[in-house]
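**Student:**
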Amino acid sequence: MSENGELPLFPDEPPPAPFVTVAQQGDIPDGQGRAFTVGKRVVAVFLHEGRYFAIDDFCPHQGASLADGYIAGCAVACPWHHWRFSIEDGTWLDNPKIAIEKFAVRLSGLDIQVQVPP
Ligand code: FES
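Residue 72 in my numbering sits at position 75 of the sequence shown, and the numbers go up by one each step.
(1) How is the beta strand (DSSP E) around threonine 18 delimited, first residue to last?
(2) Ordered along the chain, which non-local residues of its own chain (more than five positions away) have a Cβ less than 6 Å from that of leucine 44?
(3) Taking C-beta to C-beta, are alanine 41 and aspartate 54 nearer than 9 Å?
(4) Near alanine 32, what residues of its chain come up, given a Cβ to Cβ distance below 6 Å and the 5 sequence neighbours on each side ignored?
(5) Counting along the chain, where does the beta strand (DSSP E) carrying valine 40 start and finish?
(6) Nearest to alanine 72 by CA position, among Gln59, Pro93, Gly60, is which residue?
(7) So if I measure from each beta-carbon to every heavy atom of the ligand FES and keep distances below 5 Å, which residues remain?
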């Protein structure tokens, strides 16, 4: 039972992961990405036209860091073999049936925060 006496809607669902500060505004130049370790994951955070995006940093092809890739529009091209992924939702743009994980990202004051499930 919850604090207000109501039964939880999804009692077996784990609580949402907390947002974690990975950088400060100004640490990521517009049009670039940076990689950050959050727990056991590495997250690529991009700043594109004033908005932040966060996806899994690990390229599923051979493991390059997508944070080191090249941004064109809302896509990042892997620096090794140029597979392209949406920085908005992680879709592999050359085969949209496949996607890498995306993460919620927000600003809290000057902090850039990401929410990464364990
Ligand atoms: S390692 Fe990313 S496309 Fe090959």
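Quick reminder that beta carbons are idealized off the backbone N, C-alpha and C, glycines included.
In this text, all values refer to a predicted model and were calculated from it rather than measured experimentally.
**Tutor:** In brief:
(1) Taking the first residue of the sequence shown as position 1, residue 18 is located at position 21. 16 to 21 is the extent of the beta strand (DSSP E) around threonine 18.
(2) On the sequence shown, position 47 is the one that residue 44 refers to. Contacts found: Ile25, Asp27.
(3) For the purposes of this step, residue 41 is taken as the residue at position 44 of the sequence shown. For the purposes of this step, residue 54 is taken as the residue at position 57 of the sequence shown. Yes; because the gap between Cβ atoms is below 9 Å, this pair is in contact.
(4) To locate residue 32, count along the sequence shown from 1; it is residue 35. Excluding residues within five positions, the ones whose Cβ falls inside 6 Å are Val39, Ala41, Asp54, Ser62, Ala64.
(5) Reading the sequence shown from its first residue, position 43 is the one you call residue 40. From DSSP, the beta strand (DSSP E) with valine 40 extends over 38 to 45.
(6) Here residue 72 corresponds to residue number 75 of the sequence shown, with the count starting at 1. Out of Gln59, Pro93, Gly60, Pro93 has the C-alpha closest to the C-alpha of alanine 72.
(7) Those satisfying the condition are, in chain order, Cys56, His58, Gln59, Ala61, Cys75, Trp77, His78, Trp80.
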